[in-house]
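Heads up, the thing below is written out as structure tokens.
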Amino acid sequence: ETVWRVLDPERDLKPGETRVQIDFIEHAPPLWDLLEHEDFLRLNRAILGTEELTIHRSAAILKNAGAGPVTWHTDWHGYTPLPARTPNEVLNRGEWPNGMWFYLNGTHPSRAGLAVIADSHTLDWAGPEGFAFTEHRRSFHPMGTEAKAYDQFDVPGMVPLFTEPGDLIVFDTRTYHGAFPHGGSEA
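Mind the numbering: the sequence shown is residues 16 to 202 in our numbering, read in order.
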């Protein structure tokens, strides 16, 4: 309910539309309980090795049926020599280990589910066979084609993720990932 209240308060999300809120937790008081939830804190301690909890940002994504794919990309901005211009470019340059995403309604390839590429989190990853990187390694494209982010799911090493409602996905910030088109019947 909170996702709908924050991202679509008028309930006017159109077919194929996606909405994103990059400071979600600030607008979602019911999620504040997560900051004291022992299972979440235990995971934080295990991954980061600290009692401290820092939320750099939070995001919510609401995709309606018919939404297109999210192109393959990495969240990491450490490959670019350019100065950071946005919060994401600042916060995704360090060696902190991960992105964490709760899937409130689960994820499946038929419903805009997430896919990752095995081993793509390593600094020396050469990219998928038959593909070349776009500028600053933000994405990749088939060799011999225009250098724009790729949006198909025929990539060597691609692993679709299947989750149940409420599952948490954790992956390294360098991991290349994309999301399938939303072929389901509801947001």
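Glycine included, every Cβ here is placed at the ideal spot set by N, Cα and C. Owing to the predicted nature of the structure, the values given are computational and were not obtained by experimental measurement.
Between which two residues does the beta strand (DSSP E) containing residue i stretch?
i: ALA130; result: 129–132
i: ASP54; result: That residue, ASP54, is in no beta strand (DSSP E); its alpha helix (DSSP H) goes 53–63.
i: ILE76; result: 75–78
i: GLY193; result: 192–194
i: THR86; result: 85–88
i: PRO157; result: 155–157
So for residue i, helix, strand or coil by DSSP?
i: ILE40; result: helix
i: PHE177; result: coil
i: THR17; result: helix
Exposed or buried, which one is residue i when buried takes at least 16 other CB atoms within 10 Å?
i: LEU129; result: buried
i: SER200; result: exposed
i: HIS92; result: buried
Given a cut-off of 7 Å on the beta-carbon distance, is the pair residue i and residue j in contact?
i: TRP87; j: GLY172; result: no
i: THR89; j: TYR165; result: no
i: LEU77; j: VAL18; result: yes
What does DSSP give as the partner residues of residue i in its beta bridges?
i: ILE184; result: TRP116
i: VAL170; result: Paired residue(s): none; VAL170 is not in a bridge.
i: THR33; result: LYS78
Go to residue i, then tell me how far its alpha helix (DSSP H) extends in each direction, as first and last residue.
i: PRO102; result: 102–106
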